[in-house]
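In what follows, a single structure is set out as structure tokens and then discussed.
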Amino acid sequence: MPKKNKKSIFEIVVAWPFRIIFFVIRVSLLTGIIIGGWYVLQTVGILTVNVPVTGASMLPTLPEEGYVGFQRYYQNEILEKVLPQSVQKGDIVVFENERTHKELKEQNKESTGFVKRVIAIEGDAVEIKDGLVYVNGQKTPEKYTLKPRSTFGGTEIQDCRSIKVEKGKVFVLGDNRKISMDSRQIGLVSIADILFYIPFEKQTDRFGKNWRDPSHDFDTEHESLFDTKLFIQLLNNERIKQNLNKLQYQPKLEKSAHLRAEKMLEFDEFDSKAIKSGYTMKRAMSDAGYSNIVYGEFPMLGYYDAKELFDAFLVQPGAREFLLNEDYDEIGVSTFVGELNECPVQVVVQHLAGYIPPNYGAGEIQNFKDAVSKMQDVQPGWQRLESFEEFYQEHKSDVDRINEIIAIRISRFEKIINQMEANKWLTEEQNQWIKNDIQLSQEQNAIADKLNK
11 MPKKNKKSIF EIVVAWPFRI IFFVIRVSLL TGIIIGGWYV LQTVGILTVN VPVTGASMLP
71 TLPEEGYVGF QRYYQNEILE KVLPQSVQKG DIVVFENERT HKELKEQNKE STGFVKRVIA
131 IEGDAVEIKD GLVYVNGQKT PEKYTLKPRS TFGGTEIQDC RSIKVEKGKV FVLGDNRKIS
191 MDSRQIGLVS IADILFYIPF EKQTDRFGKN WRDPSHDFDT EHESLFDTKL FIQLLNNERI
251 KQNLNKLQYQ PKLEKSAHLR AEKMLEFDEF DSKAIKSGYT MKRAMSDAGY SNIVYGEFPM
311 LGYYDAKELF DAFLVQPGAR EFLLNEDYDE IGVSTFVGEL NECPVQVVVQ HLAGYIPPNY
371 GAGEIQNFKD AVSKMQDVQP GWQRLESFEE FYQEHKSDVD RINEIIAIRI SRFEKIINQM
431 EANKWLTEEQ NQWIKNDIQL SQEQNAIADK LNK
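In this note's numbering, the protein residues as written are 11 to 463.
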């Protein structure tokens, strides 16, 4: 019987487990080095992380849909000593926090974070005014924005109210300012929430071809950018698509809209009831020498151009129904640049009006005809009293007055009948006649009773 090899037993029992352990350790170290190297390469930007981008808030810089390569942003004090890293103004960042998760969930979107641009960093003072961004009191030229003078305040950061960026925070905005949800709505962003970034100095080669020339961005400061003719054209094109009549431009409605815009800014009141100012659209139309049967107004705050305002109206609650109302046939638009709470602002006010025929019922007209017929029957009898000289001299004032009342009422009713038969609305004066007729009728009956005694 052959003897067992002691060396083989030792290798099997003792050496091989150690070899396996050492092998696992070597593989783990190598894997760690590879992963760490990969991580470092992503951090310094030699390799990038493809981050999904959706939505138009970063136009024109980033696409509405797709993947964009970002550098990884780490939160490690030890690693930072070896590879210094800091977020600076102009950098594009990806961040996540409870607020972004909530907003994306409400929009039924995947929680991949917000992608925005850093505008101000720790210690900076930021103010939004007149459609522009001021950092430390200086207007900021922003070639990467979709349109100039397109930045306006929100719920968290309002127009003309300077804020200072806190320690460990940044102020971010989307490049497409009119539609972006950013620090204006969700507040300052913690640097600890940043996951990825693209340094500003690395953006020009990749995205610079999409940017504007900002050299004239400040030329139109405090001026309206609104093209009324283009807006009316866009609106009428949409009305035609909906088989509605085109709106005719009415200068008097433009005047009334301008008068209302002044009052809106003066009283900080944009409700059509005009409780504070008492200056309603009806009063403004009257002051502009205009009147109509149906009318309405819709104001919007902000430095919109024609296309932006039209697009905004189509999604604004109630605005679409207002603009596409079949009862309107005339329009006037005023863009007024003024100040609200000592802050420059533009208000665009639209006044629409139209005519609807009254279509009176036959019974309504007949009631007035019957009243005229009755008065014409009794009128000759009262007129003949003037021929009874003694009676007439004794009751002259009453006889003259009752004949005057009857003549006035017949004349007014005949004019009202003519207006109704022409299917036209009664004028304010004619409506007042109807109200006053109750008193005239009572006076006529009282005089008649007195003279018949």
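For every residue, glycine included, the Cβ atom is placed at its ideal position computed from N, Cα and C.
These figures come from a predicted structure and were not determined experimentally.
>> I'd like the span of the alpha helix (DSSP H) that includes Lys461, first residue to last.
In response: The residue given as residue 461 occupies position 451 in the sequence shown. Reading off the sequence, residue 461 comes out as Leu, not Lys. Its alpha helix (DSSP H) spans residues Glu438 to Leu461.
>> If I follow the unbroken beta strand (DSSP E) through Glu404, where does it start and stop?
In response: Reading the sequence shown from its first residue, position 394 is the one you call residue 404. Careful: Glu404 lies outside any beta strand (DSSP E), inside the alpha helix (DSSP H) at Glu399 to Glu404.
> So is Lys139 buried or exposed if we call it buried at 16+ other beta carbons inside 10 Å?
Replying inline: Locating residue 139 in the sequence shown gives position 129, where the first residue counts as 1. Buried, because 16 or more other Cβ atoms sit within 10 Å of the Cβ of Lys139.
>> Per DSSP, what are the beta-bridge partners of His361 in this structure?
In response: Sequence index remark: in the sequence shown, residue 361 carries index 351 (1-based). Bridge partners of His361: Glu307 and Gly342.
> Do Ala271 and Val357 come within 8 Å of each other at the CB atom, strictly closer than that value?
Replying inline: Position 347 of the sequence shown, counted from the first residue, corresponds to residue 357. Position 261 of the sequence shown, counted from the first residue, corresponds to residue 271. Yes.
> If you scan the stretch 204 to 289 from start to end, which runs of the alpha helix (DSSP H) of 4 or more residues do you find wholly inside it?
Replying inline: 214 to 217, 238 to 251 and 261 to 277
>> So the candidates are Phe241, Thr155 and Lys463; which of them puts its Cα closest to the Cα of Asp408?
In response: Position 398 of the sequence shown, counted from the first residue, corresponds to residue 408. Minimum Cα distance to Asp408 is reached at Lys463.
>> Quick check: the Cα distance between Lys177 and Glu132, rounded to an integer number of angstroms?
In response: Counting from one through the sequence shown, the residue named residue 177 turns up at place 167. Counting from one through the sequence shown, the residue named residue 132 turns up at place 122. Taking the straight line joining both Cα atoms gives about 5 Å.
> So Gly306 and Phe332 are in contact, right, with Cβ under 8 Å, and what is the actual spacing, rounded?
Replying inline: Here residue 306 refers to the residue found at position 296 of the sequence shown. Here residue 332 refers to the residue found at position 322 of the sequence shown. Gly306 to Phe332, Cβ: 6 Å. Contact.
> Where does Glu396 fall in DSSP's three states?
Replying inline: Here residue 396 refers to the residue found at position 386 when the sequence shown is read from its first residue. Helix at Glu396.
>> Whole angstroms are fine: how far does the CA of Asp229 sit from the CA of Val182?
In response: Translated into the one-based positions of the sequence shown, residue 182 becomes position 172. Translated into the one-based positions of the sequence shown, residue 229 becomes position 219. One C-alpha to the other measures close to 25 Å.
> Anyone know if the C-beta pair for Ser266 and Ala316 falls short of 8 Å?
Replying inline: On the sequence shown, position 256 is the one that residue 266 refers to. On the sequence shown, position 306 is the one that residue 316 refers to. Contact flag unset, no.
> Out of Asp185, Gly373, Gln376 and Arg419, which has the shortest C-alpha to C-alpha gap to Gln386?
Replying inline: As a working note, residue 386 is residue 376 in the sequence shown. Residue Arg419 is the option with its Cα nearest to Gln386.
>> So for Glu349, helix, strand or coil by DSSP?
In response: Reading the sequence shown from its first residue, position 339 is the one you call residue 349. DSSP places Glu349 in strand when its eight states are reduced to three.
> Based on the DSSP output, what are the partners of Ser200 in its beta bridges?
Replying inline: Working through the sequence shown from its first residue, we reach residue 200 at position 190. According to DSSP, which records beta bridges pairwise, Ser200 is partnered with Lys179.
>> If distances are taken between C-alpha atoms only, which option among Glu166, Pro70, Gln85 and Val61 comes closest to Glu120?
In response: If you number the sequence shown from 1, residue 120 lands on position 110. Out of Glu166, Pro70, Gln85 and Val61, Val61 has the C-alpha closest to the C-alpha of Glu120.
>> Using the three-state DSSP reduction, which class does Thr122 fall into: helix, strand or coil?
In response: Indexing the sequence shown from 1 puts residue 122 at position 112. Coil at Thr122, not helix or strand.
> Which term fits Ile5, buried or exposed, when burial requires 16 or more other beta carbons within 10 angstroms of its beta carbon?
Replying inline: Residue 5 lies beyond the range of the chain shown here (11 to 463); nothing can be said about it.
> Residues in its own chain within less than 7 Å of Cys353 by CB, not counting five upstream and five downstream?
Replying inline: What you label residue 353 is simply residue 343 of the sequence shown in a count that begins at 1. Excluding sequence neighbours, Cys353 sits near Lys139, Asp169 and Cys170.
> Can we count Phe80 as close to the ligand NAP, meaning its CB is less than 7 Å from some heavy atom?
Replying inline: Absence of the ligand NAP from the depicted structure is noted, as is the absence of any ligand whatsoever, leaving it without description.
> Helix, strand or coil for Leu324 per DSSP?
Replying inline: The sequence position of residue 324 within the sequence shown is 314, counting from 1. Residue state, collapsed to three classes: helix.
> Taking just the CA atoms, how far does Gly371 sit from Asn446?
Replying inline: Start at 1 with the first residue of the sequence shown, and residue 446 comes out as number 436. Start at 1 with the first residue of the sequence shown, and residue 371 comes out as number 361. For Asn446 and Gly371, the distance between alpha carbons rounds to 22 Å.
>> At the level of alpha carbons, what is the spacing between Glu248 and Gln454?
In response: By 1-based counting over the sequence shown, the position of residue 248 is 238. By 1-based counting over the sequence shown, the position of residue 454 is 444. Looking at the two C-alpha atoms, the distance is approximately 57 Å.
> From the DSSP output, which residues share a beta bridge with Pro354?
Replying inline: Walking along the sequence shown from the start, residue 354 turns up at place 344. In the DSSP output, where bridge partners are listed per residue, Pro354 has Glu349.
> Three-state secondary structure (DSSP) at Asn413?
Replying inline: Against the sequence shown, residue 413 aligns to sequence position 403. Correct three-state label for Asn413: helix.
> Would the beta-carbon of Thr161 fall within 8 Å of that of Gly147?
Replying inline: Against the sequence shown, residue 161 aligns to sequence position 151. Against the sequence shown, residue 147 aligns to sequence position 137. Cβ atoms of Thr161 and Gly147: not closer than 8 Å.
> How big is the Cα-Cα spacing for Phe236 and Gln195?
Replying inline: Taking the sequence shown and counting its residues from 1, the one referred to as residue 236 is at position 226. Taking the sequence shown and counting its residues from 1, the one referred to as residue 195 is at position 185. For Phe236 and Gln195, the distance between alpha carbons rounds to 25 Å.
> Helix, strand or coil: which one does DSSP assign to Thr64?
Replying inline: Along the sequence shown, read from residue 1 onward, the residue named residue 64 stands at position 54. Strand, per DSSP.
>> Quick check: the Cα distance between Glu75 and Val63, rounded to an integer number of angstroms?
In response: In the sequence shown, counting from the first residue as 1, residue 75 sits at position 65. In the sequence shown, counting from the first residue as 1, residue 63 sits at position 53. Cα-Cα distance, rounded: 6 Å.
> Which residues in the same chain have their Cβ closer than 7 Å to the Cβ of Leu263, if we skip the five residues on either side of it in sequence?
Replying inline: Position 253 of the sequence shown, counted from the first residue, corresponds to residue 263. Cβ neighbours of Leu263 beyond the five flanking positions: Tyr300, Glu340, Ile341, Gly342, His361 and Ala363.
>> So the candidates are Asn377, Asp192, Val125 and Lys239; which of them puts its Cα closest to the Cα of Gln260?
In response: For the purposes of this step, residue 260 is identified with residue 250 of the sequence shown, where counting begins at 1. Cα-wise, what sits closest to Gln260 is Lys239.
> For the putative contact between Phe206 and Asp101, defined by C-beta atoms under 8 Å, what is the C-beta separation to the nearest angstrom?
Replying inline: Numbered from 1 along the sequence shown, position 196 holds the residue referred to as residue 206. Numbered from 1 along the sequence shown, position 91 holds the residue referred to as residue 101. Contact doesn't hold; Cβ gap of about 10 Å is too wide.
>> Check for me: the beta strand (DSSP E) holding Glu108 runs from which residue to which?
In response: Counting from 1 along the sequence shown, the entry for residue 108 is found at position 98. Premise fails: Glu108 lies in the alpha helix (DSSP H), Glu108 to Glu116, not in any beta strand (DSSP E).
> Given Leu450, which residues of its chain have a CB within under 8 Å of its CB, disregarding the five upstream and five downstream residues?
Replying inline: Stepping through the sequence shown from its first residue, residue 450 is reached at position 440. Same-chain partners within the cutoff: Ile415, Ile418 and Arg419.
> Does the beta-carbon distance from Ala66 to Asn186 come in below 8 Å?
Replying inline: Here residue 66 is taken as the residue at index 56 of the sequence shown, counted from 1. Here residue 186 is taken as the residue at index 176 of the sequence shown, counted from 1. The answer is yes: Cβ separation under 8 Å.
>> The beta strand (DSSP E) that contains Glu137, what's its start and end?
In response: Here residue 137 refers to the residue found at position 127 of the sequence shown. Taken as a continuous stretch (DSSP letters only), the beta strand (DSSP E) holding Glu137 covers Ala135 to Lys139.
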